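Trainee:
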Amino acid sequence: MKLNEPITKTTNSDLETIEFGKEIAAYLEPGDILCLDGDLGAGKTHFVKGIAAGLNIDPTKVNSPTFTLVHEYRGNLPVYHFDAYRIKSIAEALQIGTEDYLYGEGISLIEWPSNIKELIPESAVNVKIDKIDANKRTFHITKM
Ligand code: ADP
Ligand code: MG
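In structure tokens:
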């Protein structure tokens, strides 16, 4: 990811988060991994919708892959959207081919990355999302 210095951004609605995701999509390069770190309802999935839209993927097709662990979308670049919320073990993550995705040529976007932290390379970018109030979220994008 073309990230020369950390990015901080506050959004005031889910639509603004989607717009922000679209802007961030322009910085992405094949093989990038973004860890989306925030509580339930922080806006991780909305941010993914925005990145998807920025890569010419229909954002209405993006929803949390809670039961399948990963969804794959094809746009200007392949997007691998992980949700590790329900993952039971690293073995389970390996079995679905997580490493092939992470070391592939697509963009990996990971909800609940702490549940598979052993598998995440140091080159990953951290996106920390803080819930400020009902409609306000602050994003901090940094190298790990
Ligand atoms: P997560 O994937 O982190 O659990 P979602 O993106 O699925 O979060 O949901 C975020 C929820 O918060 C949605 O109901 C959305 O409408 C709401 N919301 C309110 N304000 C914002 C904001 N600024 N950015 C993103 N979502 C917001
Ligand atoms: Mg989600």
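Residues 0 to 143, numbered by numbering that gives the first Met the number 0, are exactly what the sequence shown covers, in order. Each residue gets a CB set at the ideal place from its N, CA and C atoms; glycine is no exception. Since the structure is predicted, the reported quantities are computational estimates derived from the model, not experimental observations.
#1: Could you give the C-beta distance for T16 and G49, rounded to a whole number, given that I count them as a contact under 8 angstroms?
#2: Using a threshold of 7 angstroms, is the CB atom of S63 nearer than that to any non-hydrogen atom of the ligand MG?
#3: What number of angstroms, rounded off, separates the C-alpha of G105 from the C-alpha of L35?
#4: Does the ligand ADP have even one heavy atom less than 7 angstroms from the beta-carbon of R136?
#5: Give the single residue among A123, N62, L39, D38 whose Cα lies nearest to the Cα of V47.
#6: Give the straight-line distance between the Cα atoms of L101 and S107, rounded to the nearest whole angstrom.
#7: Relative to the C-alpha of F81, which residue among D13, E110, D129, G40 is closest?
#8: Between the C-alpha atoms of L76 and M0, what's the straight-line distance to the nearest angstrom?
#9: What did DSSP end up calling I128 once you bin it into helix, strand or coil?
#10: If you drop the 5 nearest sequence neighbours on each side, which residues of the same chain put their C-beta closer than 6 angstroms to that of T10?
Mentor: According to the structure data:
#1: Correct: roughly 6 angstroms between the Cβ atoms.
#2: Checking the Cβ of S63 against the ligand MG gives yes.
#3: Roughly 16 angstroms between the two C-alpha positions.
#4: Between the ligand ADP and the CB of R136, the shortest heavy atom gap is smaller than 7 angstroms.
#5: Per the Cα distances, N62.
#6: The alpha-carbon of L101 is positioned some 6 angstroms away from that of S107.
#7: Of the listed residues, the one whose Cα sits closest to F81 is E110.
#8: One Cα belongs to L76, the other to M0, and the distance between them is close to 13 angstroms.
#9: I128: strand per DSSP, three-state reduction.
#10: Excluding sequence neighbours, T10 sits near T16, F19, R136.
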